[in-house]
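Engineer: Order-wise, the sequence lines are chains Z and L. Position one of the first sequence corresponds to residue 0 (numbering that gives the first Met the number 0), numbered consecutively onward. Position one of the second sequence corresponds to residue 0 (numbering that gives the first Met the number 0), numbered consecutively onward. From the three backbone atoms N, C-alpha and C, an ideal C-beta is built for every residue, glycine too.
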Amino acid sequence: MKRDVTTTVLGAASLLGLAVVLGLSLTSPLDVNQGSLVRLMFVHVPEAWLSYLAYGGTGLFGLLYLIQRRRHWDRLAMASGEIGLLFTLATIVGGMLWAKPTWGTYWVWDARLTTTALSLVVYGGYLLIRSLIDDPERRARVSAVVGIVGTLYVPVNYMAVEWWRGVHQTQTLKLLGGVRWDAAPIYLPTLLLSVASFTLLYFFLLRLRGTLAAREEAREERELTGVTGRVEVARG
Amino acid sequence: MSAPGPDAPTPLTPLPQARRRRRSPLPVVLGVAALVGLTATIAFGNLNKSLEYFVTPSEYQQQEAELQGRPVRIGGLVKAAKYDPQTLNLRFTVTDGSASFPVQYHGAVTDLFKENQGVVVRGEFQGETFHATDLVVKHSEEYNVPKTQAELKDMIKSAD
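Next up, the structure:
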């Protein structure tokens, strides 16, 4: 088994980045209205970003599978979907802990929060569909389509705070219609570094899960051929 | 008539080993249950069956005939707030500039509740006054460090 240097480097880099972000976050100045609670932004926003990235990955790898029909892309799509689901959960839990002391409640059914909860259904369904189909080629084909359609969640969720009235605040870092940062400049570098570190973390987890899936598949193939081999021997 | 009848023994060809994994059905059952539960919660959790979370005071004024006597959410800015931390009684006016309603609420509010802050109140009108059962404080996406000594002192004081 050869050593995977890239994964190790990615893991080390994201860990280092996150450690620096932790230090910067805990020493960042307090917000005039919400005090130290503003530091939750440095976790909450990058978590949401990672989940978008991962769902985008599921769509992209699904598309690549449909074009090239290589099982490699299907494994990465699955890995990306799992990571997306995990970080959506993290976004929701972190967001709830931020909402309680600021909004006064853990949860509201506004457009942003409702669509985020819906993504759990979409990608939970994606993984469920995968588990229900035994034929690997068919599983890859069907789930690629689900994954591509599911990517629609990303723009809808991102724009939910603009399109519908709700409780969730709009983007602090505006990207559409001219890039603008609507907060004290001192918060920006920490947020950007955090987003960069979470991006590295995504690629690390993706490679890790992809390798794991490849090994699982190889073992399964080995067991299957092993079993048929033995049966043939028994039949003689 | 030369074709063999249905009773004719068909030659038995050995089936290839089925490519099937033996798996416990439990994860699938749990997954389906979780998805159904989540979908139901999302579908029925929405009070007004709309993606718009609240109406503004002016919109309420326009649609008063159809909204009257029903629980609604009204969102606007806080004016003339009077809060008694001992009895937890809160009275304020919610406004969007053109229309405003007096609001009555009983309960704790978060530290972000203050004059000119955005709020969403859920409840019903009893006469002219809106009796809120829930109050959610909105906050701006603009995070800022204190710019003056006075702001800094205020912040330290409110943190105590």
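How many Å lie between Z/T5 and Z/G209 at the Cα?
Structural biologist: Looking up residue 5 of chain Z in the first sequence gives position 6. Looking up residue 209 of chain Z in the first sequence gives position 210. Straight-line Cα distance between these residues: approximately 13 Å.
Engineer: Between L/L37, L/S57 and L/P145, which has its C-alpha nearest Z/V37's C-alpha?
Structural biologist: Position 38 of the first sequence holds residue 37 of chain Z. Ranking L/L37, L/S57 and L/P145 by Cα distance to Z/V37 puts L/P145 first.
Engineer: Anyone know if the C-beta pair for Z/T90 and Z/S142 falls short of 7 Å?
Structural biologist: Working through the first sequence from its first residue, we reach residue 90 of chain Z at position 91. Working through the first sequence from its first residue, we reach residue 142 of chain Z at position 143. Not closer than 7 Å, so no.
Engineer: Find the residues of chain Z that neighbour L/Y163, judging by a C-beta separation of less than 7 Å, and give them in chain order.
Structural biologist: With chain L running from 0 to 159 in the structure shown, residue 163 of chain L is simply not present.
Engineer: Beta-carbon of Z/Q67 versus every beta-carbon of chain L: anything under 7 Å?
Structural biologist: Counting from one through the first sequence, the residue named residue 67 of chain Z turns up at place 68. By this cut-off, Z/Q67 is not an interface position.
Engineer: Got a sec: is the Cβ-Cβ distance from L/P145 to anything in chain Z below 7 Å?
Structural biologist: Against the second sequence, residue 145 of chain L aligns to sequence position 146. Yes, contact with chain Z.
Engineer: Buried or exposed, going by whether 16 or more other CB atoms sit within 10 Å of the CB of L/Q85?
Structural biologist: On the second sequence, residue 85 of chain L is found 86 positions in, with the first residue counted as 1. The residue in question, L/Q85, is exposed, as its Cβ has fewer than 16 Cβ neighbours within 10 Å.
Engineer: In whole angstroms, what separates the C-alpha of Z/A12 from that of Z/E81?
Structural biologist: As a first step, residue 12 of chain Z is located in the first sequence; it is residue number 13 there, counting from the start. As a first step, residue 81 of chain Z is located in the first sequence; it is residue number 82 there, counting from the start. Taking the straight line joining both Cα atoms gives about 22 Å.
Engineer: Between the Cα of L/A131 and the Cα atoms of L/D83, L/Q103, L/E51 and L/S57, which residue gives the shortest distance?
Structural biologist: Locating residue 131 of chain L in the second sequence gives position 132, counting from the first residue. The shortest Cα separation from L/A131 among L/D83, L/Q103, L/E51 and L/S57 belongs to L/Q103.
Engineer: Do Z/V166 and L/K137 have their C-beta atoms closer together than 7 Å?
Structural biologist: Working through the first sequence from its first residue, we reach residue 166 of chain Z at position 167. Working through the second sequence from its first residue, we reach residue 137 of chain L at position 138. Yes, Cβ-Cβ distance for Z/V166 and L/K137 is below 7 Å.
Engineer: Check whether the Cβ of Z/R70 lies closer than 7 Å to any Cβ atom in chain L.
Structural biologist: What you label residue 70 of chain Z is simply residue 71 of the first sequence in a count that begins at 1. So no, Z/R70 is outside the interface.
Engineer: Work out the CA separation of Z/P135 and Z/R218 for me, nearest whole Å.
Structural biologist: Here residue 218 of chain Z refers to the residue found at position 219 of the first sequence. Here residue 135 of chain Z refers to the residue found at position 136 of the first sequence. Approximately 14 Å, taken between the alpha carbons.
Engineer: Between the C-alpha atoms of Z/T57 and Z/L65, what's the straight-line distance to the nearest angstrom?
Structural biologist: If you number the first sequence from 1, residue 57 of chain Z lands on position 58. If you number the first sequence from 1, residue 65 of chain Z lands on position 66. Their backbone Cα atoms lie some 12 Å apart in a straight line.
Engineer: Counting only the same chain and skipping the five closest in sequence on each side, list residues whose C-beta sits under 7 Å from that of Z/L52.
Structural biologist: Position 53 of the first sequence, counted from the start, is the residue given in the question as residue 52 of chain Z. T198 and Y201, listed in sequence order.
Engineer: Buried or exposed, going by whether 16 or more other CB atoms sit within 10 Å of the CB of Z/I185?
Structural biologist: For the purposes of this step, residue 185 of chain Z is taken as residue 186 along the first sequence, with counting starting at 1. It is exposed - the Cβ of Z/I185 has fewer than 16 other Cβ atoms within 10 Å.
Engineer: What is the C-beta distance between L/T38 and Z/V120, in whole angstroms, given that I count them as a contact (C-beta under 8 Å)?
Structural biologist: Counting from 1 along the second sequence, the entry for residue 38 of chain L is found at position 39. Counting from 1 along the first sequence, the entry for residue 120 of chain Z is found at position 121. The Cβ separation is near 6 Å, so the contact holds.
Engineer: So what's Z/Q168 in DSSP terms, helix, strand or just coil?
Structural biologist: Reading the first sequence from its first residue, position 169 is the one you call residue 168 of chain Z. Z/Q168 falls in the coil class under three-state DSSP.
Engineer: Exposed or buried, which one is L/V28 when buried takes at least 16 other CB atoms within 10 Å?
Structural biologist: Along the second sequence, read from residue 1 onward, the residue named residue 28 of chain L stands at position 29. The residue in question, L/V28, is exposed, as its Cβ has fewer than 16 Cβ neighbours within 10 Å.
Engineer: What residues in its chain sit with their C-beta under 8 Å from that of L/T55, if we drop five residues either side in the sequence?
Structural biologist: For the purposes of this step, residue 55 of chain L is identified with residue 56 of the second sequence, where counting begins at 1. I73, G74, G75, D95 and A98, listed in sequence order.
Engineer: Which of helix, strand or coil does DSSP assign to L/G74?
Structural biologist: Start at 1 with the first residue of the second sequence, and residue 74 of chain L comes out as number 75. In the structure shown, L/G74 sits in a strand (DSSP, three-state: E or B).
Engineer: Going along chain L, which residues have a C-beta under 8 Å from Z/A124?
Structural biologist: As a first step, residue 124 of chain Z is located in the first sequence; it is residue number 125 there, counting from the start. The sequence given here has Gly at residue 124 of chain Z, not Ala. Residues of chain L passing the Cβ test: L34.
Engineer: Hey, is L/E127's beta-carbon within less than 7 Å of any beta-carbon in chain Z?
Structural biologist: Within the second sequence, residue 127 of chain L is the residue found at index 128, counting from 1. Output row for L/E127: interface = no.
Engineer: Considering only residues of the same chain and omitting the five flanking positions on each side of Z/L23, which have a CB-CB separation below 6 Å?
Structural biologist: The residue labelled residue 23 of chain Z in the question sits at position 24 within the first sequence. Same-chain partners within the cutoff: T189.
Engineer: Going by DSSP in three states, Z/W180 sits in which element: helix, strand or coil?
Structural biologist: As a position in the first sequence, residue 180 of chain Z is number 181, starting the count at 1. Strand, per DSSP.
Engineer: Select from Z/R206, Z/V107 and Z/G123 the residue whose C-alpha is nearest the C-alpha of L/G36.
Structural biologist: Translated into the one-based positions of the second sequence, residue 36 of chain L becomes position 37. Cα-wise, what sits closest to L/G36 is Z/G123.
Engineer: So Z/G61 and Z/I147 are supposed to be a Cβ contact under 8 Å. How far apart are they, rounded?
Structural biologist: Residue 61 of chain Z sits at position 62 when you count from the first residue of the first sequence. Residue 147 of chain Z sits at position 148 when you count from the first residue of the first sequence. About 5 Å; that satisfies the 8 Å criterion.
Engineer: Taking beta-carbon pairs under 7 Å, can you tell me which members of the segment 152-181 of chain Z lie near chain L?
Structural biologist: Within the segment 152-181 of chain Z, the residues whose Cβ lies closer than 7 Å to some Cβ of chain L are W163, R164, G165, V166, Q168, T169, Q170, T171 and D181, listed in chain order.
Engineer: Given this structure, state the Cα-to-Cα distance separating Z/Y54 from Z/T150, to the nearest angstrom.
Structural biologist: To locate residue 54 of chain Z, count along the first sequence from 1; it is residue 55. To locate residue 150 of chain Z, count along the first sequence from 1; it is residue 151. If I take the Cα positions, the gap works out to 6 Å.
Engineer: Between which two residues does the beta strand (DSSP E) harbouring L/T132 extend?
Structural biologist: Here residue 132 of chain L refers to the residue found at position 133 when the second sequence is read from its first residue. Element bounds for L/T132: T128 to V136.
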